[in-house]
Every structure is written in C-alpha cells, then in structure tokens.
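J.:
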Amino acid sequence: MSQDETFMRRAIAGARRGWGATHPNPLVGAVIVEAGEIVAEGYHAKAGEPHAEIMALRALGRRPQAGATLYVTLEPCCTHGRTPPCTAAIIEAGIRHVVVGATDPNPEHAGKGYGLLRAAGVEVTEGVLARECADLNLIFNHWITTGQPLFAAKSGVTLDGKVATRTGDSKWITGAEARADGHAWRRYFPAIAVGAGTVRADNPRLTARVGGVEWCPWRFVFDGLLRTVTDKAMPAVYTDEFRERTIVVTTPHGGLGYVRKLNAMGVKAWVLGANTPKVNFQDFRTRCAQEGITGVFFEGGAQLLSELLQARELDYLFTYHAPVLFADDKSKSILRGLRTETLANAIRLEQVRHEVLGDDALMRGFVRYP
Ligand code: AOF
Ligand code: ZN
C-alpha cells in the first residue's frame with residue numbers, strides 16, 4: 001500500500017464515523033499530514049455542520065506547516081450550501097497539496113473543486129482509493145445525480161435461493177456476523193420499509209442499536225388495506241416511543257377511519273394511488289423525494305420485495321448467502337413473480353461487491369433490468 005493509500009484509508013475510517021447520520025449529505029473524512037505524520041483529522045457528522053476538511057483544520061488549531069498535505073475522501077466543495085465552500089478554506093489555510101479519493105458527483109461540484117484549487121496553485125492528486133471512497137456514498141451518489149431515493153432490499157438466502165422452509169421456518173438462515181452486518185446497513189439508511197404481513201407475523205421494532213443507544217429510522221409499513229390496524233393489540237411500531245417515526249403507506253382502500261385512528265395515535269399515514277389496493281411504488285418514490293427521504297431499506301417480506309422487483313423499482317440488492325441447502329421445491333424463494341425465459345432477459349447486479357462474513361457471504365449491487 002502506498003503512503004497516499006495509507007492516509008486515505010485513515011480518512012475513510014474517519015468518514016465512517018458519520019455512518020447513516022449525514023443525509024442528505026455524503027460521508028466524508030479528512031486527515032492533515034505533516035512530514036509523514038497525521039497531525040489532525042476530521043469528518044462530516046451531520047448536514048448543516050462543517051465539512052470534513054473544516055473539521056480537520058479546526059482540529060489542527062493552528063496554521064498548517066508549509067509542506068502539509070490534506071487527504072480527503074471526496075472532492076472539496078466549491079459552492080456555498082448550508083456551509084461555505086471548502087476550497088476557499090483550504091486555500092486560505094495555505095495548504096498546497098490536496099489528495100482526493102472520489103470526485104463529488106454533485107453536478108454543482110463534479111470536477112470544479114479540482115479546477116479551483118489548481119487555479120490557486122494547489123497541487124491536486126485525484127483518485128486515490130477512488131472506488132472505496134465512492135462506495136461510502138451509495139445513497140448520496142444516487143440522490144444527488146437522479147434526485148430520487150435509493151430503494152434497496154435485503155435478504156438472507158440459502159445456496160438454493162430460499163428464505164424459508166415449506167413450513168415457514170426461517171430463523172436463522174445466516175449466522176451472527178451476517179445479521180450484524182445487515183443491522184449496520186439498516187443504520188446506513190434514513191428509512192426502512194416492511195410489508196403488512198411482516199408486521200403481523202413478527203411485530204418487529206425496526207430500530208438499530210448504535211453505541212448502546214437505540215436509533216430509529218423512518219419506519220414505513222406498506223399496508224394497502226390497513227390490515228395492521230386492529231381493535232386488538234396494535235403492532236409495536238404504532239405504539240412504542242418512536243411511533244412518530246412510523247409512516248403507514250396505504251391506499252384509499254385502507255379506509256379513512258383507520259387512517260384517523262392511526263393519526264390519533266401519533267402515527268403518520270401516506271394515502272397514495274387510487275385504483276388498486278396495492279401501493280404504487282412510483283407514487284411512493286415521488287413522495288419520498290418530496291419529503292427529502294434519500295434512501296429506503298426494504299427488509300421484507302418476500303411479497304413486498306417481489307412486488308418491488310416486478311414494478312422495476314428496486315435499485316439495489318443486498319443478498320447474504322448461507323452455506324445451507326433446502327433442496328425442496330416447496331420451500332420459499334425470496335423473489336418471484338417474473339417470467340425469465342432466457343439469460344438475456346434476466347435481471348443482473350452491477351458494480352457488484354462481495355464480502356465474507358463468517359461462513360456466509362454478502363453479494364450486493366445495483367439492479368439492472370433487461
Ligand atoms: C465536502 N466535504 O464533508 C461534505 C461535502 O450544504 P452543505 O454546505 O453541507 O454542502 C453539501 C454539499 O457539499 C453536498 O451536496 C456535497 O456535494 C458536498 N459535501 N463536501 O467537500 C464534506 N459533506
Ligand atoms: Zn465542503
């Protein structure tokens with residue numbers, strides 16, 4: 001590993017400290033190096049707060065030495081957003097060498113930051129661990145280039161692509177490491193979505209534990225007919241301390257009375273579409289974009305994921321593969337409902353990443369429809 005890569009790895013590790021907390025902004029880390037030593041570090045913690053470069057300069061607390069180099073995982077910004085441009089702060093601080101990981105895909109920046117720095121006489125090295133740095137920002141990269149939320153789904157499957165036995169036994173197919181990784185990705189997304197069937201069967205809380213603190217994303221329950229609203233015990237997501245973070249996504253077929261009942265409990269409801277009792281995913285996407293929800297992590301069940309895929313609205317797929325076989329025609333597949341005649345009209349993943357997690361393996365990537 002080159003020295004540049006070593007310092008960039010450190011900046012990446014710093015960026016990760018903002019994991020899931022920076023939406024709609026990216027994860028960004030920075031380190032300042034003088035005479036081959038790291039003398040300051042910074043990362044972007046939250047939208048509206050200073051950028052990684054500024055945090056590193058502040059941590060240094062003095063003027064950088066003449067030969068100082070700034071390492072940053074993302075091209076420094078050059079516009080006035082919620083905060084002033086980092087390019088100006090870098091030039092002002094007298095930094096003469098900047099090493100960058102990924103180019104900022106934000107059309108307002110994309111390469112302009114490099115140009116501005118160079119015009120001011122700053123040496124710029126681009127593309128150090130560019131792929132790793134870009135991979136930090138699956139959601140941001142998608143959002144800033146398309147204006148749309150990233151719809152991702154997670155599943156844990158056997159080697160034969162099954163998620164449950166014929167009797168419905170599914171706990172647990174994957175091991176502890178894979179499940180912990182799934183939780184970490186849950187924390188990455190600002191919102192999580194499940195179907196009515198999953199709420200009724202498992203009554204999940206859909207929170208994540210981070211550093212001993214329970215964190216709650218926006219929790220979407222897809223329930224076109226409001227089957228989850230009952231006179232008996234209500235699901236945890238409608239009654240727990242985070243219920244104001246729950247949004248039921250439904251249709252006019254769900255019934256206005258039930259919507260009022262939910263609202264009275266402090267639970268929000270989005271009534272989308274009109275003609276069918278199934279929620280229209282395009283309408284849902286549009287509403288998420290309007291509300292500034294940049295990514296949704298669909299965790300199940302199989303019915304919801306399959307509908308999302310059939311509607312060609314799934315953007316990204318996480319699949320944890322366990323070394324287990326059911327070899328039973330009557331066991332349950334995660335995704336179904338399509339007719340795939342030839343390999344040429346199969347759905348494929350792109351920009352695929354593989355990770356080994358104990359005995360299991362994660363394969364993930366962007367979904368490309370034929
Ligand atoms: C950086 N370093 O740490 C971040 C950057 O509204 P603002 O001022 O926070 O600007 C947000 C934009 O700045 C965002 O869309 C992205 O292009 C860039 N984010 N850039 O150099 C950082 N968070
Ligand atoms: Zn900036």
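Residue 1 is where the sequence shown starts when you use full-length UniProt numbering, and the numbers rise one by one after that.
Yeah, the Cβ is synthetic: ideal placement off N, Cα and C, and Gly gets one too.
1) Report yes if the C-beta distance between Glu300 and Thr198 is below 7 Å; otherwise report no.
2) So what's Phe140 in DSSP terms, helix, strand or just coil?
3) By alpha-carbon positions, which one of Glu49, Ala178, Val259 and Ala302 ends up nearest to Gly168?
4) Compute the minimum distance between the beta carbon of Leu150 and the heavy atoms of ligand 1, and state whether it is under 6 Å.
5) With a threshold of 6 Å on Cβ separation, who are the neighbours of Leu357 within its own chain once the five nearest residues in sequence on each side are excluded?
6) Is there contact here, the stretch 149 to 159 with the stretch 303 to 315, by at least three beta-carbon pairs under 8 Å?
7) Could you tell me the alpha carbon to alpha carbon distance between Ala361 and Thr83, rounded to whole angstroms?
8) How about Gly20 and Tyr188: do their beta carbons lie closer than 7 Å?
9) Would Thr207 and Cys216 qualify as a contact pair, given that the criterion is a beta-carbon distance under 7 Å?
10) Counting along the chain, where does the alpha helix (DSSP H) carrying Gly156 start and finish?
11) Does the separation of the CB atoms of Val194 and Thr319 fall below 7 Å?
12) Within the same chain, show all residues whose beta-carbon is closer than 6 Å to that of Arg348, passing over the 5 residues directly before and after it, in chain order.
13) Please work out which residues of its chain come closer than 7 Å, Cβ to Cβ, to Arg63, disregarding the five sequence neighbours upstream and downstream, and give them in chain order.
14) Let me know the secondary structure DSSP gives Ser333 once reduced to three states.
15) From which residue to which residue does the beta strand (DSSP E) around His354 run?
16) Pull the bridge partners of Ile38 from the DSSP assignment, please.
17) How many whole angstroms separate the CB atoms of Thr250 and Tyr238, which I take to be in contact at a CB cut-off of 8 Å?
18) Under the criterion of a Cβ to heavy atom distance below 6 Å, does His80 qualify as lining ligand 2?
19) Taking the alpha helix (DSSP H) that Thr177 falls in, what are its first and last residues?
20) Please classify Val199: does DSSP put it in a helix, a strand, or coil?
21) With DSSP collapsed to three states, give me the class of Ile247.
22) 7 Å is my cut-off, CB to CB: does Phe284 come that close to chain D?
23) Give the residues whose C-beta lies closer than 5 Å to at least one heavy atom of ligand 2, in chain order.
24) Compare the Cα-Cα distances from Ala120 to each of Ala47, Ser333, Arg287 and His97 and report the closest residue.
25) Classify Glu5 as helix, strand or coil using the three-state DSSP reduction.
26) May I ask you to list the residues that DSSP assigns as paired with Glu108?
27) Do you know whose CA, among Glu49, Gln282 and Leu70, lies nearest Leu308's CA?
28) Mind reading off the beta-carbon distance from Phe326 to Thr165? Whole number of angstroms is fine, and I expect it under 8 Å.
29) Does the separation of the CB atoms of Cys78 and Thr87 fall below 7 Å?
30) Pick out whichever of Tyr43, Val248 and Glu214 has its Cα sitting closest to the Cα of Val267.
31) Residue range of the beta strand (DSSP E) that Lys278 falls in?
32) In whole angstroms, give me the CA-to-CA distance for Ile293 and Ala15.
33) Could you check what DSSP says for Tyr369 in three-state terms: helix, strand or coil?
34) Measuring straight from C-alpha to C-alpha, what distance separates Glu350 and Asn137?
35) Rounded to the nearest angstrom, how far is the Cβ of His253 from that of Pro235, given a contact under 8 Å?
36) Can you name, in chain order, every residue of its own chain whose Cβ lies under 7 Å from the Cβ of Gly255, other than the five neighbours on each side?
T.: Reading from the atomic positions:
1) Here residue 300 refers to the residue found at position 300 when the sequence shown is read from its first residue. Here residue 198 refers to the residue found at position 198 when the sequence shown is read from its first residue. Note on residue identity: the sequence assigns Gly, not Glu, to residue 300. Cβ atoms of Gly300 and Thr198: closer than 7 Å.
2) In the sequence shown, residue 140 corresponds to position 140, counting from 1. Three-state result, Phe140: helix.
3) Residue 168 sits at position 168 when you count from the first residue of the sequence shown. Checked all of Glu49, Ala178, Val259 and Ala302; the closest Cα to Gly168 is Ala302.
4) Sequence index remark: in the sequence shown, residue 150 carries index 150 (1-based). Result no, Cβ not under 6 Å from ligand 1.
5) Here the question's residue 357 lines up with position 357 in the sequence shown. Once the five neighbours on either side are set aside, the close Cβ partners of Leu357 are Glu177, Ala178 and Asp181.
6) yes
7) Working through the sequence shown from its first residue, we reach residue 361 at position 361. Working through the sequence shown from its first residue, we reach residue 83 at position 83. Rounded to whole angstroms, Ala361 to Thr83 spans 40 Å at the Cα level.
8) Position 20 of the sequence shown holds residue 20. Position 188 of the sequence shown holds residue 188. The answer is yes: Cβ separation under 7 Å.
9) Working through the sequence shown from its first residue, we reach residue 207 at position 207. Working through the sequence shown from its first residue, we reach residue 216 at position 216. Contact flag set, yes.
10) If you number the sequence shown from 1, residue 156 lands on position 156. Looking at the DSSP string, Gly156 is not in any alpha helix (DSSP H); the run it does join, the beta strand (DSSP E), is Leu150 to Val157.
11) Along the sequence shown, one-based indexing puts residue 194 at 194. Along the sequence shown, one-based indexing puts residue 319 at 319. No, these two residues do not count as a Cβ contact at 7 Å.
12) Here the question's residue 348 lines up with position 348 in the sequence shown. Contacts found: Arg368.
13) Counted from its first residue, the sequence shown places residue 63 at position 63. A distance below 7 Å between beta-carbons, with the five flanking residues on each side excluded, links Arg63 to the following residues of its chain, in chain order: Ala93 and Gly94.
14) Taking the first residue of the sequence shown as 1, we reach residue 333 at position 333. Residue state, collapsed to three classes: strand.
15) Position 354 of the sequence shown, counted from the start, is the residue given in the question as residue 354. Note, His354: beta strand (DSSP E), Arg348 to Leu357.
16) Here the question's residue 38 lines up with position 38 in the sequence shown. Its beta-bridge partners are Val33.
17) One-based indexing of the sequence shown puts residue 250 at position 250. One-based indexing of the sequence shown puts residue 238 at position 238. With a Cβ gap of about 13 Å, Thr250 and Tyr238 do not count as contacting.
18) Here the question's residue 80 lines up with position 80 in the sequence shown. Here the distance from the Cβ of His80 to the nearest heavy atom of ligand 2 is not below 6 Å.
19) In the sequence shown, the residue the question calls residue 177 occupies position 177. The sequence given here places Glu at residue 177; Thr does not occur at that position. Glu177 -> alpha helix (DSSP H) spans Ala176 to Tyr188.
20) By 1-based counting over the sequence shown, the position of residue 199 is 199. For Val199, the secondary structure class from DSSP, reduced to helix, strand or coil, is helix.
21) Counting from 1 along the sequence shown, the entry for residue 247 is found at position 247. Strand, per DSSP.
22) Among the protein chains of the structure shown there is no chain D, as only one such chain exists.
23) His51, Cys77 and Cys86
24) Taking the first residue of the sequence shown as 1, we reach residue 120 at position 120. With distances taken between CA atoms, Ala120 lies nearest to His97 out of Ala47, Ser333, Arg287 and His97.
25) The count along the sequence shown starts at 1 and reaches residue 5 at position 5. If DSSP states are grouped into helix, strand and coil, Glu5 belongs with the helices.
26) Position 108 of the sequence shown, counted from the start, is the residue given in the question as residue 108. For Glu108, which the question treats as bridged, DSSP gives no partner whatsoever.
27) For the purposes of this step, residue 308 is identified with residue 308 of the sequence shown, where counting begins at 1. Out of Glu49, Gln282 and Leu70, the CA that lies nearest to the CA of Leu308 is found in Gln282.
28) Position 326 of the sequence shown, counted from the start, is the residue given in the question as residue 326. Position 165 of the sequence shown, counted from the start, is the residue given in the question as residue 165. With a Cβ gap of about 6 Å, Phe326 and Thr165 count as contacting.
29) Here residue 78 corresponds to residue number 78 of the sequence shown, with the count starting at 1. Here residue 87 corresponds to residue number 87 of the sequence shown, with the count starting at 1. In contact: Cys78 and Thr87 (Cβ atoms closer than 7 Å).
30) Within the sequence shown, numbered from 1, the residue matching residue 267 stands at position 267. The residue with the shortest Cα to Cα distance from Val267 is Val248.
31) As a position in the sequence shown, residue 278 is number 278, starting the count at 1. Lys278 -> no beta strand (DSSP E), and no H or E assigned at all.
32) Taking the first residue of the sequence shown as 1, we reach residue 293 at position 293. Taking the first residue of the sequence shown as 1, we reach residue 15 at position 15. Their Cα atoms are separated by approximately 21 Å.
33) The count along the sequence shown starts at 1 and reaches residue 369 at position 369. Looking at Tyr369 - three-state DSSP - the assignment turns out to be coil, as it is neither helix nor strand.
34) Residue numbering aside, residue 350 sits at position 350 when the sequence shown is read from its first letter. Residue numbering aside, residue 137 sits at position 137 when the sequence shown is read from its first letter. Distance between the alpha carbons of Glu350 and Asn137: 16 Å.
35) To locate residue 253, count along the sequence shown from 1; it is residue 253. To locate residue 235, count along the sequence shown from 1; it is residue 235. Contact flag wrong, Cβ pair sits at about 19 Å.
36) Reading the sequence shown from its first residue, position 255 is the one you call residue 255. Excluding sequence neighbours, Gly255 sits near Leu226.
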